[in-house]
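Novice: First the structure, which I've put down as C-alpha cells, then a few questions once you've had a look.
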Amino acid sequence: MVRLDTKRAKRITSATRSSKLNGHDKEKIGLTFLNSVHPAIKQQLADATDLKTFLETAAGVLSLDKRKQIVEQALILFEDNFVHLPLKESMHGVNPIQKLRLIKHRLEQETDAELESELTFHSEILDIFNSVRDLHTNYLLPFPFAGKIAFLPFQIEEYFENGEPHYIATHFVQGFSHPHFKTGVEIKLWNGVPIGRAIALSGDLHAGSNLAARHVRGIDGLTIRPLVRSLPPDALWVVIGYTDLDGVDREIKQDWIVTSSPPTFVEANADSLSTSAASQGIDLEAHITQETKKMLFAPEVLAAETKETKLSTQKAVAGQTVPTTMGSVFHAKSVNTTFGEFGHIRIFTFSVNDPGAFIHEFIRLVELLPQNGLILDVRGNGGGHIWASEGLLQVLTPVDIAPQPTQFVNTSLNLRICQRHETNPTGQIDLGAWVPSIRRSVKTGAVYSGGFPITPIDFANQIGQRYHGPVVLITDARCYSATDIFAAGFQDHDIGHVLGIDDNTGAGGANVWTHGLLQALLRFPSPPDDGTPYEDLPGGANMRVAIRRTLRVGKQAGTPVEDLGITPDSRYHMTKNDLLLGNIDLLNKAGEILSRMSVRRLNVTTTLNQNTLTLQVETLGLTRVDIYVDGRPIESFEVTDGIQSIEVSLPAGAMLLELAGFNANEYVASRMLDL
1 MVRLDTKRAK RITSATRSSK LNGHDKEKIG LTFLNSVHPA IKQQLADATD LKTFLETAAG
61 VLSLDKRKQI VEQALILFED NFVHLPLKES MHGVNPIQKL RLIKHRLEQE TDAELESELT
121 FHSEILDIFN SVRDLHTNYL LPFPFAGKIA FLPFQIEEYF ENGEPHYIAT HFVQGFSHPH
181 FKTGVEIKLW NGVPIGRAIA LSGDLHAGSN LAARHVRGID GLTIRPLVRS LPPDALWVVI
241 GYTDLDGVDR EIKQDWIVTS SPPTFVEANA DSLSTSAASQ GIDLEAHITQ ETKKMLFAPE
301 VLAAETKETK LSTQKAVAGQ TVPTTMGSVF HAKSVNTTFG EFGHIRIFTF SVNDPGAFIH
361 EFIRLVELLP QNGLILDVRG NGGGHIWASE GLLQVLTPVD IAPQPTQFVN TSLNLRICQR
421 HETNPTGQID LGAWVPSIRR SVKTGAVYSG GFPITPIDFA NQIGQRYHGP VVLITDARCY
481 SATDIFAAGF QDHDIGHVLG IDDNTGAGGA NVWTHGLLQA LLRFPSPPDD GTPYEDLPGG
541 ANMRVAIRRT LRVGKQAGTP VEDLGITPDS RYHMTKNDLL LGNIDLLNKA GEILSRMSVR
601 RLNVTTTLNQ NTLTLQVETL GLTRVDIYVD GRPIESFEVT DGIQSIEVSL PAGAMLLELA
661 GFNANEYVAS RMLDL
C-alpha cells in the first residue's frame with residue numbers, strides 16, 4: 001500500500017473537514033457521469049477511480065537500496081550531463097548536487113525499518129529536480145504513478161477585462177451535467193483560497209523557467225496532474241467557489257479522478273538509439289497535459305484519427321477546415337476576420353517521427369489556404385522533434401535558415417559518450433562535431449563545447465520557401481523547447497510578427513535525453529563501456545536531462561533560449577469572447593496585423609522543350625526576378641504584378657532551378673524546383 005506521510009495525511013484530513021462550510025454540505029459531483037463519456041474514450045477511462053481509492057489500492061515499495069540507486073543516478077545526471085547547471089546555480093541560487101549528497105549521506109545511515117514513506121522520498125527528489133526550474137530535467141516517478149493522471153472533469157482558462165485577470169470554466173467532459181456549474185461560470189475560490197493565489201501555489205509545484213511559464217502551468221495544474229511528473233494532489237477533492245451565469249455565488253465539491261494517461265509517441269521512443277530520440281526538445285508534462293485535454297475535451301479528434309481521412313485538393317473557402325491525415329498535429333482552416341479572410345494553421349505539437357512528412361503536410365495545407373496572410377498558432381505546443389521545428393522555417397521565408405547551434409557542458413563523461421558516437425556507428429546519432437572542443441577543454445578550462453546544430457543545415461534548406469504571404473505567429477508561455485526554438489528562428493530570421501498572449505514563451509532552450517538513452521549510448525557499439533556509470537532505475541522510474549543548450553542566431557546570436565524565452569513583438573490579452581467564441585478577438589487582432597503587412601507572390605510552372613525551359617511566372621509585390629540554375633545566375637528580369645512568360649536556356653545536366661524575387665533590391669521571395 002502507498003503510505004501517506006504525516007504532513008500529507010494532515011493536509012488531507014483538513015481538506016476532508018473543509019467539505020462543510022458555513023454549516024452546510026457542498027454540492028458533490030460523483031463519478032457516474034463517466035458512464036456517458038464519448039465512445040472514443042470510454043475504454044481509456046474504464047479504470048478511472050477517485051483519488052482515495054487509488055491511494056488505498058496502489059502498491060509500490062522502494063527499498064533502501066533502490067532509493068540509493070535513484071539518488072546516485074540523479075547525481076550523475078546533475079554533475080556530468082546537465083548542461084544548464086552553471087546557469088541555474090547562478091540564476092536561481094540552488095545547489096541540487098549538495099542536496100542529493102545530503103540525501104545520499106542520510107540513506108547510508110538508515111535501515112529499511114527506519115525509512116520515511118515512499119511519498120516523502122519522491123517529494124524530496126521532485127523538489128530537487130524542480131528547484132532548477134528546467135522542464136527538460138525531470139525525475140519521472142515509478143509505479144504506481146507512472147502512466148497515471150489525476151484530473152477534474154473541466155478546464156479553467158484565463159481572460160482579461162479592464163486589465164484584470166478572470167478565470168472561467170470553458171470545457172467539460174462529455175456526460176458531466178450540473179444545473180449551475182457549466183461553461184462560462186467564473187471561478188473565484190479554490191478550497192477556500194482566492195483563485196489567483198491558488199494558481200500561484202499550484203505554479204510553485206512546477207518547474208517553469210519564468211513567471212509566465214509558472215503561471216500557465218499553475219492554471220493547468222489545478223485540474224490536470226500527470227502523476228509521472230508530480231505527486232497526487234494533497235486533497236482528495238476540491239471545493240470550488242464560483243459565480244454562476246445568473247450572478248449567484250455558489251460552491252461545488254468535485255473528487256479528483258485518477259485514470260491511465262494517454263499513450264504518447266514521446267514516451268514510447270525516448271530511450272531508443274534513433275535520430276528522433278536524440279533530437280527531442282519537449283516538455284513531457286505539457287505534452288501529456290495537452291494529450292489529456294484532447295482526450296477529455298475533444299474526443300471527436302481521437303475518433304477521427306481512427307478513420308480514413310478523405311483529403312481535398314480544392315482551395316478552402318471562408319470558414320472551411322482543410323482535412324488532414326495529421327489531425328493530432330495540425331488544424332488548418334480559412335478564417336474570416338474584420339480585416340479580411342486569412343489562413344489559420346494550429347500546430348499542436350512538433351512530436352512526430354518523420355519531420356519530412358510533417359513539413360510536406362504543412363505545405364499541402366498552407367497551399368490550400370488564402371495566400372494573402374497566414375495566422376500560425378503554436379499556443380500550448382510543448383515541442384517535439386527539433387528537425388521538424390527548424391525545418392519548417394524555410395517554407396515561410398526566402399532567406400537561408402541557420403539552425404540554432406547547441407553545446408554540451410564539458411565533462412569527461414560527455415566526452416566518452418561523444419567519442420563512442422564520433423563516427424555515427426548507429427547511422428542515427430552523429431556526435432563527432434562536438435568531440436574536438438570537448439577534448440580541448442582539458443587545456444582551456446572552457447565550460448561549454450563548441451556550438452553545432454542538431455538540425456542538419458541541408459535539411460533546414462532543402463525545400464525552400466513555399467508560402468509568400470505575410471505571417472503572424474501566435475505564442476504563449478506554454479510554448480516550450482522545440483517550439484521555443486521555432487519561435488526564436490521565426491523572429492531571428494525576420495519571418496513575420498510574433499503576437500504573444502503571454503510576456504514570453506516557456507523558455508526551454510535545450511535538447512533533452514533520457515537516462516535510458518544515455519545508458520544505451522554507452523552500450524553501443526559493442527563491446528559496451530564496462531565503466532558506464534548508468535544503472536537500470538528501479539520500479540519503472542526514469543529521468544530526463546537537458547543535455548545540449550541552444551543559442552539564438554541573427555541579431556541575438558549567442559543568446560541562450562533557456563530561462564529567457566522569446567519575447568513577442570506585441571502582447572495580447574485574451575478576452576472572454578476568445579475563450580467562449582473560438583478566439584474571435586484574437587483572430588481579429590492577428591488579421592489587423594496581417595492587413596498592414598506586404599503580400600508577395602512567386603508562383604511558377606515550367607515546360608521543357610529540349611534545352612529551352614519556358615516559365616510561367618506569377619508575381620505580386622515584386623519588381624525583379626533573378627533565375628539560378630544549380631546555384632549559378634543565368635537570367636534577371638524586370639516584372640510587374642501578374643503572369644509573365646520567360647524562356648531560359650538550360651545547360652546539360654541541369655538539376656535545380658531557383659527564382660529569387662526582389663522588391664526595389666530587397667530580397668523578399670524565393671522558389672526552388674527540381675528539373
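If you read the sequence shown in UniProt numbering, its first letter stands for residue 1, the second for the next number, and so on.
Glycine included, C-beta positions come from ideal geometry on N, C-alpha and C.
Bear in mind that the values here come from a model prediction, so they are computed numbers and not experimental data.
Who are the Cβ neighbours of E108 in its own chain at under 8 angstroms, not counting the five residues just before and after it?
Specialist: K68, listed in sequence order.
Novice: Using 9 angstroms as the threshold, is the C-beta distance between A40 and T306 below it?
Specialist: Contact flag set, yes.
Novice: Beta-carbon separation of T324 and A332 under 9 angstroms?
Specialist: For T324 and A332, yes; Cβs fall inside 9 angstroms.
Novice: Using a Cβ-Cβ cut-off of 7 angstroms (strictly less than) and excluding sequence neighbours within five positions of G356, which residues of its own chain qualify?
Specialist: Nothing meets the Cβ criterion.
Novice: What residues are listed by DSSP as bridge partners for Q155?
Specialist: DSSP, once it has assigned bridges, lists H171 as partnering Q155.
Novice: Using a 10 Å radius around the Cβ and a threshold of 16 neighbouring Cβ atoms, would you call K555 buried or exposed?
Specialist: Exposed is the call here.
Novice: Please work out which residues of its chain come closer than 6 angstroms, Cβ to Cβ, to M326, disregarding the five sequence neighbours upstream and downstream, and give them in chain order.
Specialist: So the list reads E361, once near-sequence residues are dropped.
Novice: Could you give the first and the last residue of the continuous beta strand (DSSP E) run that contains Q280?
Specialist: That run of the beta strand (DSSP E) goes 280-282.
Novice: DSSP puts Y448 in a beta bridge; with which residues?
Specialist: DSSP, once it has assigned bridges, lists V409 as partnering Y448.
Novice: Determine the extent of the alpha helix (DSSP H) in which residue 686 is found, giving its start and end residues.
Specialist: Given that the chain is displayed from residue 1 to residue 675, the structure contains no residue 686 and the question cannot be resolved.
Novice: Run through the region 513-596 for me and flag every whole alpha helix (DSSP H) of 4 or more residues, listed as ranges in chain order.
Specialist: For the region 513-596, whole alpha helix (DSSP H) runs of length 4 or above, ordered along the chain, are 515-523, 576-580, 584-595.
Novice: Would you be able to state if there are at least three C-beta pairs under 8 angstroms between the region 286-295 and the region 399-407?
Specialist: As far as the Cβ criterion goes, the region 399-407 does not touch the region 286-295, which means the pair count is below three.
Novice: Taking C-alpha atoms, which residue in K188, A212, G241, S272 lies nearest to L564?
Specialist: Of K188, A212, G241, S272, the residue nearest in Cα terms is A212.
Novice: Which residue from H215, A654, H468, D529 puts its Cα closest to that of V668?
Specialist: It is H468 whose Cα lies nearest to the Cα of V668.
Novice: Per DSSP, V322 is paired with what?
Specialist: A332.
Novice: Does DSSP put F486 in a helix, a strand or coil?
Specialist: Helix, per DSSP.
Novice: On a CA-only basis, which of G451, S177, L152, R346 is nearest G582? Give me that one, please.
Specialist: It is R346 whose Cα lies nearest to the Cα of G582.
Novice: Which one of I634, G340, F350, N353 has the shortest CA to CA distance from L374?
Specialist: The candidate whose alpha carbon is nearest that of L374 is G340.
Novice: Assign residue 680 to buried or exposed, taking buried as 16 or more other Cβ atoms, counted over all protein chains shown, within 10 Å of its Cβ.
Specialist: The structure shown does not extend to residue 680, since the chain is modelled only from 1 through 675, so no value can be given for it.
Novice: Going along the chain, which residues of its own chain have a beta-carbon closer than 6 angstroms to the beta-carbon of E285, five neighbours each way excluded?
Specialist: Closer than 6 angstroms at the Cβ level, and outside the excluded window around E285, lie P226, R229.
Novice: From R133, T53, D271, pick the residue whose C-alpha is nearest to that of G203; which is it?
Specialist: Out of R133, T53, D271, R133 has the C-alpha closest to the C-alpha of G203.
Novice: From the DSSP output, in three-state form, read off L675 for me.
Specialist: Three-state result, L675: coil.
Novice: Around the Cβ of E308, are there at least 16 other Cβ atoms within 10 angstroms (buried) or fewer (exposed)?
Specialist: Exposed is the call here.
Novice: In this structure, what does DSSP give as the bridge partners for E161?
Specialist: Beta-bridge pairing links E161 to E164.
Novice: Quick one, which of T183, G621, E562 has its alpha-carbon nearest M91's?
Specialist: Ranking T183, G621, E562 by Cα distance to M91 puts E562 first.
Novice: Using the Cα positions of L613 and G661, report the straight-line distance between them to the nearest angstrom.
Specialist: Using only the alpha carbons, I get a separation of about 18 angstroms.
Novice: Going by Cα to Cα distance, which pick from L518, G531, V395, R420 is closest to residue 676?
Specialist: Since the displayed the chain opens at 1 and closes at 675, residue 676 lies outside it and no answer follows.
Novice: Residues in its own chain within less than 6 angstroms of residue 684 by CB, not counting five upstream and five downstream?
Specialist: Residue coverage of the chain in this structure runs from 1 to 675, which leaves residue 684 outside it and unanswerable.
Novice: Rounded to whole angstroms, what's the CA-CA distance from L518 to G445? Just pull it up for me.
Specialist: Their Cα atoms are separated by approximately 24 angstroms.
Novice: The alpha helix (DSSP H) spanning D220 covers which residue range?
Specialist: Element bounds for D220: 211-221.
Novice: Within its chain, find whatever has a CB closer than 6 angstroms to the CB of L656; leave out the 5 residues flanking it on each side and keep chain order.
Specialist: Counting only Cβ-Cβ distances below 6 angstroms, and skipping sequence neighbours, we find D630.
Novice: Around the C-beta of I114, are 16 or more other C-beta atoms found within 10 angstroms, so that it is buried, or is it exposed?
Specialist: This sequence places Glu at residue 114; Ile is not what is there. With fewer than 16 Cβ atoms within 10 Å of its Cβ, E114 is classed as exposed.
Novice: Suppose the cutoff is 8 angstroms on Cβ atoms and the five residues either side in sequence are ignored; what does the same chain contact list for F408 look like?
Specialist: Result list for F408: V83, N414, C418, W434, I438, Y448, S449, I547, R548, in chain order.
Novice: Report the partner residues of W190 according to the DSSP bridge assignment.
Specialist: For W190, which the question treats as bridged, DSSP gives the partners V193, I240.
Novice: If you pair each beta-carbon of the region 142-160 with each one of the region 253-272, do three or more pairs fall below 8 angstroms?
Specialist: Segments in contact, yes.
Novice: Any idea if K315 is buried or exposed, counting beta-carbon neighbours within 10 angstroms, 16 or more meaning buried?
Specialist: K315 comes out exposed.
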